Structures are given as C-alpha cells and as structure tokens.
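Protein chains: 2
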Amino acid sequence: MLEREDFVDENRVRLAGRRLHHVREILGTTNGDELRVGIVGGRTGIGNVDRVDDDALEMDVRLETEPLDPLPLRLILALPRPKVLNRTIAAAASMGIGEIDLINSWRVEKSYWKSPRLSAESIRMQSILGLEQSGGTILPTIRLHRLFVPFVRKELSGEVPDKLALLAHPRGAVEAPRKVEQAVVLAIGPEGGFIERELQTFQELGFTAVSLGPRILRVETAIACLIGRLF
Amino acid sequence: MLEREDFVDENRVRLAGRRLHHVREILGTTNGDELRVGIVGGRTGIGNVDRVDDDALEMDVRLETEPLDPLPLRLILALPRPKVLNRTIAAAASMGIGEIDLINSWRVEKSYWKSPRLSAESIRMQSILGLEQSGGTILPTIRLHRLFVPFVRKELSGEVPDKLALLAHPRGAVEAPRKVEQAVVLAIGPEGGFIERELQTFQELGFTAVSLGPRILRVETAIACLIGRLF
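These protein sequence lines map, in sequence, to chains A and B.
Under my numbering, the first residue of the first sequence carries the number 2, and numbering increases by one thereafter.
Under my numbering, the first residue of the second sequence carries the number 2, and numbering increases by one thereafter.
Written out as structure tokens, the structure reads:
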C-alpha cells in the first residue's frame with residue numbers, strides 16, 4: 002500500500018521501513034520483480050522494482066485499475082477488548098467495510114477506552130494491514146463514541162429509514178437475511194451481549210434482532226459470517 | 002468445557018489449572034454462582050459452584066441439553082502458517098465444523114509441517130478453546146495429510162458423488178452458493194492459492210471453483226464468510 006509521500010517522482014516510488022522489510026523478507030522480492038501495489042484511497046496496479054537493498058526499494062508504478070468499492074455497510078460495534086480490536090479492524094478493512102462506529106455499552110470495560118490501540122495512527126495502521134491483505138485501497142471511516150444513548154438516538158436515527166437496520170443477537174428471533182439489495186447498518190454487541198435496555202433502544206429505532214444460529218462466535222468471526230451472508 | 006476425568010463423583014466436578022484461572026480471573030466466579038458447562042463430546046448444562054479458591058473450583062453439574070450438531074461440512078485446508086493455524090482451528094471449532102483435513106500443497110512451506118502446533122495435544126487444545134467460546138461440545142476430527150495427490154485422489158474421490166464439492170478460489174468463475182441443503186466438502190488453498198496443477202486435480206474430481214468476490218481474505222476470514230453463506 003502506497004501513500005502520496007512515497008512518490009519521489011510522478012510514477013516513481015521509494016519505500017523503506019515496514020514495507021521494505023515485508024517485501025524483502027516475506028515476499029523475497031528482488032530487482033526485476035513486479036509487485037501488486039495500490040495507493041491509499043485510490044487506484045491499484047503494478048510496480049516494477051529496479052532497486053532493492055538494505056536502505057530502500059524503488060519502483061516505477063502504473064496505477065490503472067479503479068479501486069474496489071467498499072461494501073454498503075455501516076458497522077456499529079461495541080468496543081472490543083484491545084487485544085481483539087486490532088485484528089477486528091484489520092479483518093473489517095480486508096472485507097471492505099466502509100464505516101465503523103466503535104461505541105460504548107454497559108458490558109464494555111471502561112479501561113478499554115484508554116487503550117493506545119484507539120489512537121488514530123494505530124487504527125489507520127490496522128486498516129492498512131487489512132487492505133494490504135485484500136487488495137482494497139479505501140480506508141474505512143472509523144469513529145469513536147463514548148456515550149451510548151446520544152450516539153444511538155441522534156446519529157443512528159437518521160440511518161434507519163433508508164437502510165436495513167440489523168442487530169446481531171444470539172437470541173435474535175429471526176435468521177440473519179441473505180443477499181440483501183439495500184445498504185445495511187449492522188450493530189454487534191460486546192462479549193456477553195448488549196443488555197436488555199440497550200437492545201430496546203436499538204429496537205425502538207427500528208433495528209431487527211437477527212441470529213446467526215445457536216453458537217456464540219467471536220466478534221471477528223461473527224462479522225465475517227454476517228458479511229458472507231448479507232452480501 | 003469438562004472432561005470425564007474432571008468428575009470426582011457422578012455429578013460433581015473439580016477443576017484446577019487453566020480453567021480455574023479463567024473462571025476466577027476472567028469470569029470473576031464466586032461461591033453460589035452458576036456456570037454454563039459442557040462435556041467434551043456430550044451434553045451441556047449448568048454447574049452450581051460451591052467452592053472456589055487458589056487450589057480448585059468444585060461444582061455440582063446438571064448436563065441436560067443435547068449437544069449442538071456439527072455443521073455438515075468437511076473442510077480441506079492447505080496447512081496454514083503455524084501462527085495462523087491456532088486461531089484457524091479455534092475459529093473452525095467455534096463455528097461447528099465437524100471434519101478438517103490439513104493438507105500439503107505446492108505453496109505450503111515444508112517447515113510448517115514441523116511446527117509443534119501440529120501435535121495432537123495442541124490441536125485438541127485449540128479445538129476446545131473454540132468450543133468454549135461457542136458453546137459447542139463436539140470436537141472436530143482433524144487429520145494431517147503430508148502428500149497432496151494420494152489424499153485428493155484416494156480419500157476425496159469417494160466424497161464427491163454425495164456432497165457438494167467446492168474449492169474457494171479468488172478467480173473462481175461462479176459465486177459461492179447460498180443456503181445449501183446438501184453436505185459440503187470445501188477446499189481452501191494456501192496463501193497465494195493452489196497452483197494450476199492442484200486446481201486441475203480438484204476439478205477433475207468434480208470440485209467447482211467458487212469465488213467470494215474480488216478481495217483476498219485471510220484464511221480464517223474466508224472460512225467464516227463461506228460458512229455464513231453456505232449454511
């Protein structure tokens with residue numbers, strides 16, 4: 002994944018640091034190799050590597066392919082444990098989720114909100130790792146909401162008339178729908194689930210509680226299951 | 002998750018070690034609490050805790066609920082990197098996959114087969130962690146196959162007449178099917194995919210290459226997406 006500041010000339014890129022290391026050690030790239038590349042927020046294409054050594058990799062790039070469209074999905078996610086947050090964001094970005102709202106909930110421990118993994122840089126890095134995996138280039142928009150009720154009542158109420166509003170819930174009365182044609186706003190609770198009062202707040206707004214079956218899945222597994230099903 | 006040897010009497014269980022630690026430190030269980038429990042391979046139910054201290058937890062258990070049936074899915078998985086293997090097995094077990102064959106493939110590095118994570122104990126522990134997450138109790142049957150061609154030709158050829166045989170492939174010509182009624186045998190390649198010759202071997206047996214869209218997903222994300230879609 003390339004950034005604007007990697008360009009040393011119109012079509013020429015110089016990389017160092019993490020990406021140089023990845024390309025040398027994991028991909029085993031040498032002079033003359035082609036790399037699949039993409040620019041954050043933009044096109045993808047090919048880079049022709051003509052220098053790779055301890056200090057830098059340089060290549061001429063052609064970015065001719067339009068980026069993959071994000072999925073028409075806004076994910077409302079009770080803030081996961083810090084350990085889980087990174088891989089959840091990377092997985093969500095890899096699947097092409099366009100918008101993620103990390104929200105508070107009764108069962109979210111207060112300490113989670115102090116995690117350094119919530120810094121803008123950390124979240125952006127996890128998103129980029131997910132996009133590098135998948136070949137996408139559009140970063141998800143990720144917002145933090147430390148107050149449950151104002152967020153759900155004010156910010157979400159505008160979404161429900163136009164979108165299919167779903168709440169993943171182990172005791173959801175109906176099966177999660179398949180192959181939807183509408184845009185979706187999907188809420189997923191914390192470990193242990195939303196409490197009754199929170200469920201009611203969502204349901205009063207028009208969210209439907211849907212189930213993925215009798216098994217309780219980890220958040221990143223549940224998100225992937227739901228995406229495979231909805232889209 | 003309980004094992005036969007945890008029982009000190011017909012309905013009485015004593016736990017120490019990892020599960021004692023989990024119950025005390027993560028769940029914060031104290032005397033008088035109820036725990037959801039299940040026995041490996043069998044029923045689930047409730048335990049009434051009446052002792053919990055540094056040495057042990059003891060409870061009386063009632064196991065009255067029949068176990069969740071495994072999904073009618075045999076997963077054929079090119080052996081992932083050791084780091085990825087653990088979480089893939091735990092995720093697969095949590096979703097209820099009943100059978101997993103870990104196979105060799107051109108792009109599987111030989112060193113992966115030497116990983117201590119392939120020991121029977123390590124694989125069993127990851128399966129149990131997945132089941133503890135989800136509430137399932139039936140351990141998946143997990144087999145290792147270090148030779149690609151004999152496994153695919155001999156062991157898989159018997160499966161194809163009766164099952165829907167799918168191969169997840171980024172350039173698969175057709176979309177992965179939805180809500181299938183048949184049992185499924187699903188093959189997933191290594192990072193970088195199966196090579197052309199391997200694809201042909203599967204296709205000659207009757208496997209259909211199916212796509213999950215233009216994004217390249219991590220193996221555990223792809224498995225969850227496919228399960229959400231197929232079942």
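Glycine included, each C-beta is placed from N, C-alpha and C at the ideal position.
Only a predicted model underlies this, so the values are computations on that prediction, with no experimental measurement involved.
Status (buried if at least 16 other CB within 10 Å, exposed otherwise) for residue i
i                 : result
Asp102 of chain B : buried
Lys164 of chain A : buried
Ile27 of chain A  : exposed
Val175 of chain A : exposed
Leu148 of chain B : exposed
Asn32 of chain B  : exposed
Ser112 of chain A : exposed
Ser159 of chain B : In the sequence as presented, Ser is not what sits at residue 159 of chain B; that position holds Gly. Answer is exposed; the Cβ neighbour count stays below 16.
Ala17 of chain B  : exposed
Glu221 of chain A : buried
Gly29 of chain A  : exposed
Val150 of chain A : exposed
Glu4 of chain B   : exposed
Glu235 of chain B : Lying outside 2 to 232, the shown extent of chain B, residue 235 of chain B is not represented and no answer is given.
Glu67 of chain B  : exposed
Arg216 of chain A : buried
Asp134 of chain A : Note that residue 134 of chain A is Gln in the sequence shown, not Asp. Buried is the call here.
Counterpart residues of residue i in DSSP-defined beta bridges
i                 : result
Leu167 of chain A : A:Leu187, A:Thr209
Leu64 of chain B  : B:Gly46
Ile27 of chain A  : In the DSSP output, where bridge partners are listed per residue, Ile27 of chain A has none listed.
Ile104 of chain A : A:Ala79, A:His146
Leu74 of chain B  : B:Val185
Gly39 of chain A  : A:Thr45
Ile228 of chain B : The partner list for Ile228 of chain B (beta bridge, DSSP) is empty, contrary to what the question assumes.
Asp10 of chain A  : A:Arg13
Val175 of chain A : A:Val211
Val53 of chain A  : A:Leu58
Three-state class that DSSP yields for residue i in the structure shown
i                 : result
Ile143 of chain B : strand
Leu58 of chain B  : strand
Leu3 of chain B   : strand
Gly33 of chain B  : coil
Ile90 of chain B  : helix
Ile98 of chain A  : strand
Leu216 of chain A : For the record, residue 216 of chain A in the displayed sequence is Arg; it is not Leu. Reduced to three states, the DSSP call for Arg216 of chain A is coil.
Ser120 of chain A : coil
Gly136 of chain B : coil
Lys180 of chain A : coil
Phe195 of chain B : coil
Ser156 of chain A : The question names Ser, yet the displayed sequence has Glu at residue 156 of chain A. Correct three-state label for Glu156 of chain A: helix.
Glu110 of chain B : coil
Pro151 of chain B : helix
Leu21 of chain A  : helix
Leu69 of chain A  : coil
Val161 of chain A : coil
CB contact flag (residue i, residue j, <9 Å)
i                 : j                 : result
Ile98 of chain A  : Ile224 of chain A : yes
Met2 of chain A   : Val50 of chain A  : no
Val9 of chain B   : Val38 of chain B  : no
Glu100 of chain B : Arg75 of chain B  : yes
Ser128 of chain A : Ala91 of chain A  : yes
Gly193 of chain A : His170 of chain A : no
Leu168 of chain A : Leu200 of chain A : yes
Pro141 of chain A : Ala79 of chain A  : no
Leu206 of chain B : Leu157 of chain B : yes
Arg19 of chain B  : Met60 of chain B  : no
Val185 of chain A : Pro73 of chain A  : yes
Leu231 of chain B : Arg179 of chain B : yes
Glu35 of chain A  : Gly43 of chain A  : no
Ile104 of chain A : Ile139 of chain A : no
Ile228 of chain A : Gly229 of chain B : yes
Arg118 of chain B : Leu86 of chain B  : yes
Gly136 of chain B : Thr45 of chain B  : yes
Leu58 of chain B  : Arg25 of chain B  : yes
Ala166 of chain A : Phe195 of chain A : no
Leu145 of chain A : Trp114 of chain A : yes
Val153 of chain A : Ala177 of chain A : no
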